[in-house]
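Q: So for the sequence shown, UniProt numbering puts the first residue at 1; every next one is plus one.
In this text, a Cβ means the ideal position worked out from N, Cα and C, and glycines have one as well.
Being a predicted model, the structure only gives us computed values, none of them experimental.
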Amino acid sequence: MSPENTHFVRYLESLKASSFFLDVHSTSLKTLLAQMVPEKWSLNTLKNSSDFTNSFHFIVSGRLKGYKVNANSGREHTIFILKKGDVFDLLQLMDEESHDIYWEAMDELEVLKIDVDTIRQWIVSLPTMVNTLMHYMAKRMRRLEEAATDISLHSTLVRLSGLLLMYMNDESQKLETINNLPNDEIARLIGTTRPVVNRHIQQLKKCGAISVRRKHIDVQNRLLLVSIAQEKYIF
């Protein structure tokens, strides 16, 4: 992308604000951005990990769902929802082994694409970037670790409460990223079904932890929700 591009400055600011590029100098980001190509994906655009064998992407705006599917039952499990400032596919960046995951745009999505070999070379050339990458990967791995153990160790009500807390902005006390998702999408994030999520949402409403209006969930009592997530509240 040419620095003369009308969106160059806006894209540069998006890179600067991302935790993936924490502490990277503006000059280095400009060099990287010059080799990126902007793309727009329409809502519900569906791609497979095999589509990204040779490319790496940065999300400028919108949300992207990464999920697995049981080929026999058709049941889905959402691994994560990526948003502005996130990158994908990290596994393709780390090695060249294929893995089976689907990606679906949950909004109109704006991304920056770059050749995966190019960004690998760019990362290696910056010692600080290698360190930042490790921290970013560790954060992702912790979330995956928590999700994997939660399914085995905690009830769906506890998992739902934890999910709401994880996506709540501590300053605004508002839900972000998952705030307007239908209940079947929320169910896929915690490994259950929509009827189960519906029932637990009614429980959380009844005890005053949340309120719901037009698919939007608002946290009314954070301390109560924390107590439920920590299995200290008895219904």
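1. Whole beta strand (DSSP E) runs in the UniProt domain "HTH crp-type" (154-223) with 3 or more residues, listed along the chain?
2. Since I believe N180 is in contact with H216 (beta carbons under 8 Å), could you give me their beta-carbon distance rounded to a whole number of angstroms?
3. Shortest alpha-carbon distance to D89 belongs to which of K232, Y67 and D107?
4. If we count the other Cβ atoms within 10 Å of its Cβ and call it buried at 16 or more, is M74 buried or exposed?
5. If you check the beta carbons only, do R120 and L93 fall under 9 Å apart?
6. Provide the residue(s) that pair with P127 in DSSP beta bridges, ordered along the chain.
7. Under 9 Å, do L22 and M1 count as touching if we go by C-beta distance?
8. Run the CB neighbour count on E110, radius 10 Å, all protein chains shown included, and call it buried at 16 or more, exposed below.
9. Answer yes or no: do N221 and G208 have a C-beta to C-beta separation smaller than 9 Å?
10. According to DSSP, which residues form a beta bridge with K113?
11. Specify, as a first and last residue, the run of the beta strand (DSSP E) that E231 falls within.
12. How is T31 classed by DSSP in three states: helix, strand or coil?
13. Assuming V24 contacts M129 under a Cβ cut-off of 8 Å, what Cβ separation, rounded to an integer in Å, is found between them?
14. On the three-state DSSP scale, how would you describe H99?
15. Name the one or two DSSP bridge partners that A105 has.
16. For E104, collect the residues of the same chain with a Cβ closer than 6 Å to its Cβ; drop the 5 residues on either side in sequence, then sort them by chain order.
17. Buried or exposed: where does D170 fall if 16 or more other Cβ atoms within 10 Å of its Cβ makes it buried?
18. Can you give the beta carbon distance from H200 to T156, rounded, assuming they're within the 8 Å contact cut?
19. Taking its Cβ as the centre, do 16 or more other Cβ atoms sit within 10 Å of D86, making it buried, or is it exposed?
20. Can the beta-carbon of H57 be found less than 9 Å from the beta-carbon of E76?
21. Going by beta carbon distance, what residues of the same chain come within less than 7 Å of I190, once the five residues before and after it are set aside?
A: So, from the data block:
1. 210-213 and 216-219
2. 6 Å
3. Y67
4. Here residue 74 turns out to be Gly, not Met, going by the sequence shown. Counting Cβ neighbours within 10 Å, G74 comes out exposed, since fewer than 16 surround it.
5. Less than 9 Å divides the Cβ of R120 from the Cβ of L93.
6. Bridge partners of P127: none, in fact.
7. no
8. Taking every protein chain shown into account, the CB of E110 has 16 or more other CB atoms within 10 angstroms, so this residue is buried.
9. yes
10. V37 and H57
11. No beta strand (DSSP E) contains E231, which DSSP labels as neither H nor E.
12. helix
13. 6 Å
14. Here H99 sits in coil by DSSP.
15. L64
16. L46 and K65
17. exposed
18. 6 Å
19. buried
20. Going by beta carbons, H57 and E76 fall outside the 9 Å limit.
21. T156, R159, L160 and L163
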